[in-house]
Amino acid sequence: MSERNERCRVVAMVGNPTSDKGRGAKVDAQVLSLLQAAGRAHDFTVMDITGTSFDDSLNQARERAHEYDYLVVVGGDGMIALGANAVGCSGKPLGVVAMGSGNDFARGLKLPVNRIETAVEGIVGAIVCGSTIDVDMGRVTSLEGGRAVDPTTGDEYESADGQIEDRPIDRYYAGMLSCGIDASINDRANHSRLPNGSVRYFAAVLVELTRMKRYGYHVKATLADGSTDERDIISPLLTVANSRHIGGGIEVSPYSCFSDGLLDLVWMDHVPNFGECVVAVSNAYNGRLLASQVFGWERVREIEITRADEGDEPPLLMADGEYIGRLPVRVVAEDCALRVLVPPAVAAQGVDDRQRVMDAIARDGRDPLTGRFE
1 MSERNERCRV
11 VAMVGNPTSD
21 KGRGAKVDAQ
31 VLSLLQAAGR
41 AHDFTVMDIT
51 GTSFDDSLNQ
61 ARERAHEYDY
71 LVVVGGDGMI
81 ALGANAVGCS
91 GKPLGVVAMG
101 SGNDFARGLK
111 LPVNRIETAV
121 EGIVGAIVCG
131 STIDVDMGRV
141 TSLEGGRAVD
151 PTTGDEYESA
161 DGQIEDRPID
171 RYYAGMLSCG
181 IDASINDRAN
191 HSRLPNGSVR
201 YFAAVLVELT
211 RMKRYGYHVK
221 ATLADGSTDE
231 RDIISPLLTV
241 ANSRHIGGGI
251 EVSPYSCFSD
261 GLLDLVWMDH
271 VPNFGECVVA
281 VSNAYNGRLL
291 ASQVFGWERV
301 REIEITRADE
311 GDEPPLLMAD
321 GEYIGRLPVR
331 VVAEDCALRV
341 LVPPAVAAQG
351 VDDRQRVMDA
361 IARDGRDPLT
371 GRFE
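Position 297 (the sequence shown) corresponds to 297 in UniProt numbering; numbering is contiguous.
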């Protein structure tokens with residue numbers, strides 16, 4: 001009998017005590033108590049490995065991975081990013097108690113949102129039944145000249161003598177890599193004083209639409225069929241999506257699937273006029289955003305994003321609500337690299353409705369291979 005079968009199963013929990021002006025600590029304590037009570041009933045133990053910061057918690061989760069069998073994160077999409085980077089590609093299951101302002105990853109997987117007891121019950125049921133699904137991730141790494149920033153603040157890393165450190169980027173994400181106005185919206189929402197997450201993002205959208213810039217990107221993408229597309233994109237928006245939602249339910253990438261081994265490149269084909277902005281905002285929550293000629297779309301296996309000669313300097317890249325760093329970067333689809341604990345009913349439904357996606361693409365008049373309008 002193996003060591004794992006001989007010992008009691010261990011669940012590690014990482015919370016976010018500084019979230020929601022410190023109220024996250026109460027949520028963390030409640031989740032820990034519920035998990036411990038369930039552990040006594042179902043023969044598993046619980047350990048809290050929450051650190052003092054995002055980086056510290058991530059390091060704890062990585063360095064102590066040999067001590068636990070399951071990792072549970074408590075919070076918003078930023079905590080999903082932490083969990084994905086801690087246990088991604090390891091086969092170790094991740095449980096999600098979605099209590100953030102966006103909760104877009106959990107929403108996409110039909111997991112409970114802002115319901116602590118229901119979320120914990122689902123996680124415990126998944127542990128007892130061995131119920132999981134495997135989903136894709138994106139992996140972002142620096143090309144020469146790209147560098148990472150502090151994931152929580154966006155500040156440059158500095159050495160002991162005050163010099164900026166050129167730390168390379170090497171990060172997984174579960175939702176979207178935001179490279180343009182989508183990153184600016186996320187940044188503005190992060191600093192908003194509005195009480196509700198969805199309201200923060202919607203208000204940030206309205207503000208940023210009035211001050212759009214034409215960012216300059218050069219992209220070299222390997223498409224779904226293995227062909228290469230290389231071009232300059234001078235655009236306010238560029239995102240490389242694994243999931244459909246951002247900002248508390250905005251469907252920036254309505255054709256995305258979690259388990260197709262691909263990412264979706266979405267960009268604005270031109271700066272929209274007022275009427276086009278109104279239509280885009282009205283379609284942001286109904287899955288019809290990409291029916292507009294304003295947006296370009298194609299499925300990619302891998303993409304390099306560098307600075308074009310023309311256009312404005314792109315903002316800091318963001319993913320899953322956290323700051324990533326500066327261009328240039330390479331982004332690769334990691335096929336079914338993240339194992340997620342889900343209730344048996346969710347696992348039985350499957351992670352994706354492929355027919356729904358194909359119907360939406362056909363409805364919007366796009367070619368499913370090239371992404372162009374037919």
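Note that beta-carbon positions come from the ideal geometry of N, C-alpha and C, so glycine has one too.
{"query": "Alpha helix (DSSP H) segments (min. 4 residues) lying fully within the region 268-299", "result": "274-282"}
{"query": "Outcome for P368 when other beta-carbon atoms lying within 10 angstroms are tallied against a minimum of 16", "result": "exposed"}
{"query": "Local Cβ density within 10 Å of L177, reported as buried at 16 or more and exposed below that", "result": "buried"}
{"query": "Proximity to P254 [Cα-Cα], best of A224, R62, A362 and G51", "result": "A362"}
{"query": "Start and end residues, alpha helix (DSSP H) containing F105", "result": "D104 to G108"}
{"query": "Nearest-angstrom Cα separation, counted from R372 out to N16", "result": "42 Å"}
{"query": "Meets three-Cβ-pair contact criterion under 8 Å: the region 324-344 and the region 275-289", "result": "no"}
{"query": "V331 vs V240 beta-carbon contact at 8 Å", "result": "yes"}
{"query": "Segment contact, 8 Å Cβ cut-off, at least three pairs: the region 209-217 with the region 343-362", "result": "no"}
{"query": "CB contact flag (F105, G175, <8 Å)", "result": "yes"}
{"query": "4-residue-minimum alpha helix (DSSP H) runs that sit fully inside the region 158-201, ordered along the chain", "result": "181-190"}
{"query": "Close beta carbons around Y201, own chain, < 6 Å, minus the five adjacent residues each side", "result": "A189, G247 and G248"}
{"query": "Residue from A37, H42 and Q30 with nearest C-alpha to R9", "result": "H42"}
{"query": "Beta-carbon contacts of Q60 that lie in its chain and below 6 Å, excluding the five residues immediately before and after", "result": "I49 and G51"}
{"query": "Run of the beta strand (DSSP E) containing A333, from where it starts to where it stops", "result": "V329 to L341"}
{"query": "DSSP beta-bridge partners of T306", "result": "H218"}
{"query": "Classification of I164 by the beta-carbon crowding that lies within 10 angstroms, buried from 16 upward", "result": "exposed"}
{"query": "Integer-rounded CB distance, given that L111 should sit under 8 Å from V128", "result": "Not really, about 17 Å apart at Cβ, beyond 8 Å."}
{"query": "H66 classed as buried or exposed, judged by whether at least 16 other C-beta atoms fall within 10 angstroms", "result": "exposed"}
{"query": "Three-way DSSP call (helix, strand, coil) for F258 in this model", "result": "coil"}
{"query": "Which residues DSSP lists as bridging L263, in chain order", "result": "V300"}
{"query": "Residues near E302 in its chain [Cβ-Cβ closer than 8 Å; skip 5 each side]", "result": "A221, T222, R330, V331, V332 and A333"}
{"query": "Cβ separation of V27 and V74, assumed to be a contact under 8 Å, to the nearest whole Å", "result": "6 Å"}
{"query": "Residues bridged to V14 (per DSSP)", "result": "V73"}
{"query": "Whole-angstrom distance between V340 and A38, CA atom to CA atom", "result": "19 Å"}
{"query": "Contact under 8 Å by Cβ, W267 with G296", "result": "yes"}
{"query": "CB contact flag (M47, A86, <8 Å)", "result": "no"}
{"query": "Sequence-distant residues of its chain with Cβ nearer than 8 Å to L316 (five each side left out)", "result": "V149, G154, A183, D187, Y323, I324, G325 and R326"}
{"query": "Cβ shell of T306 (< 7 Å), same chain only, five flanking positions each side left out", "result": "L143, H218, L327 and P328"}
{"query": "Residues near A204 by beta carbon distance below 6 Å, same chain, minus five either side", "result": "I185, R188 and A189"}
{"query": "Coil, strand or helix - V346 by DSSP", "result": "helix"}
{"query": "Other residues of its chain near S243: CB distance less than 8 Å, five sequence neighbours each side excluded", "result": "D104, F105, G108, A174, G175, M176, S253, S256 and F258"}
{"query": "T132 burial status per 10 Å Cβ neighbour count (16 or more: buried)", "result": "buried"}
{"query": "Beta-carbon proximity list for A319, same chain, < 6 Å, skipping 5 on both sides", "result": "Y173 and L177"}
{"query": "Contact check, V308 vs I250, beta carbons under 8 Å", "result": "According to the sequence displayed, residue 308 carries Ala and not Val. It is not a contact, given that the beta carbons lie outside the stated cut-off."}
{"query": "Whether A280 touches V294 by CB criterion (8 Å)", "result": "yes"}
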